[in-house]
Each structure stands twice: as C-alpha cells, then as structure tokens.
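Mapping to our numbering: the sequence shown position 163 is 172, numbers consecutive.
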Amino acid sequence: MDSMILLMDLQMMLLDVVYFILRSCLRIVLRPRTKPIDGELVLITGSGGALGRLFALEFPKHGAEVVQWDINGETNEKTAKLVRAQGGQAHAYTVDVTNREQVYRTADQVRKEVGRDVTYLVNNAEVLAGERLLDCPDAMVEKDSESKLPRSLLASIFGLFSIACVEDYCASKFAAVGFHESLAHELLTQEDMDGVKTTLMCPYIVDSGIFEGSRTR
C-alpha cells in the first residue's frame, strides 16, 4: 500500500514538474509587467524572522521605505540594521500583532514618526505549535489565527494542501486564502475601490525554525 502511494506521489510530482517548467518557459517569453514601488512606504509584520527579513531587505532595493513590526525587538532591530547597511530606510517597532490595542497604538505612532500613511502592507507574522492536534494547546491555536486573520494576505503552500502536525497553521492559512479570494472579488465590485489591488503569496517551507515537529510524511 505504501509503495502504491509513493508511486502515485511520484506521478503527481512529475506532472507538476512538467507543468511548472512549461509555465516558466512561457513567462520567459511573455514576462509579466512589474509595478514600480519606488517611494512607497511598506509595512512588514514578522520582519524579525527569516522570510520577513528577506522582504525587508528586498523592498528597499526597488526604492521603497520599510516599516518593520515584530514581537521580538532584538531580531527586528537586527533586520533594520541590515536594511540601513545596504542603503535603505527602515523603521523598527516592537509589536504583538495579536494584540489589537498594540496594533492601533503603533499604527498611530508610525503616522506621527514617519509622517505619512503606509501604502503597502505585507502581513507575514507567523505562529505555529508544531504538535499533534490533541497535543496542541487551545491558546496556541487561537494565537495562530489571531496573528493572521482577518488581516493576512501572505498565506502559505499549506493554505493549498496540508501535512501532519500543522493543523493550527493550515487552518489559518486556508482561511487566509479564502479571505483573499473573497476580498479580491469584493474590490472588483466596488467602483470607489478602483486601483486597490491585493496579492496572495503562498511560499513553501522556509527554514525559520517554526516547522520543527511537523512531518511531510
């Protein structure tokens, strides 16, 4: 039985590989138009972590100024120093995004100190228990959802399929995918929202430490 499942997985993987190779070749010929972001103010949550740090380092390369929110002030400030070292502008704030009052208070602080409103929002903050469902504390499941919903537009590959021991994470990421799709449809129906765009990203596993305890098989 296990060998049959493995064979089916290999067949699906080969089909996916062929599909993505063909799609990549097509995109080389028909390259999508990129949007200029020079002068934009980008707010990144979870900027002290692995993926958030990559976002914070990449946006200034294209002329954007970044505002960094993370619950870990030390790692967040380290990210800000890396951004400034490469010539970018960064403003680091210690924020627990699951605390609504902290979010509102820090948002007002950003407006006062930076002097303008955020134009791009990258909700990247992550929480993951990495335990079996019955071993996962209720508080951790709730904190996972609070860190992403209803605000998150950065989902995960685990918002499209799941693996073992990440039930809390998958639940919030599937919800983030559904939230984004519904929001995108709503914006299309609102004439006064013309020009407001959303982007859903579903990255694969990043070696940030939060997936310890999860299993792909």
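Built from N, CA and C at the ideal position, the CB exists for glycine as well.
Being a predicted model, the structure only gives us computed values, none of them experimental.
{"query": "Within a Cβ cutoff of 8 Å, which residues of the same chain sit near residue 53, ignoring the five residues on either side of it in sequence?", "result": "61, 64, 65, 68, 75, 76, 77, 78, 131, 133"}
{"query": "In three-state DSSP terms, what is residue 102?", "result": "strand"}
{"query": "Do residue 172 and residue 213 have their C-beta atoms closer together than 8 Å?", "result": "no"}
{"query": "Nearest to residue 51 by CA position, among 94, 101, 87, 28, is which residue?", "result": "101"}
{"query": "Short of 8 Å in beta carbon distance, which residues of its chain neighbour residue 207, apart from the five on each side in sequence? Order them along the chain.", "result": "162, 189, 192, 193, 196"}
{"query": "Pair every Cβ in the segment 99-117 with every Cβ in the segment 16-36, then say whether three or more of these pairs are closer than 8 Å.", "result": "no"}
{"query": "In the DSSP assignment, what residue or residues form a beta bridge with residue 74?", "result": "50"}
{"query": "The alpha helix (DSSP H) spanning residue 91 covers which residue range?", "result": "82-94"}
{"query": "Classify residue 129 as helix, strand or coil using the three-state DSSP reduction.", "result": "strand"}
{"query": "I'd like the list of long-range same chain contacts for residue 86, defined as Cβ closer than 6 Å, with 5 residues on each side in sequence excluded.", "result": "101"}
{"query": "Cutting at 6 Å between CB atoms, please list the residues of its own chain near residue 127, excluding the five before and the five after it.", "result": "50, 52"}
{"query": "Are the CB atoms of residue 46 and residue 73 within a distance shorter than 8 Å?", "result": "yes"}
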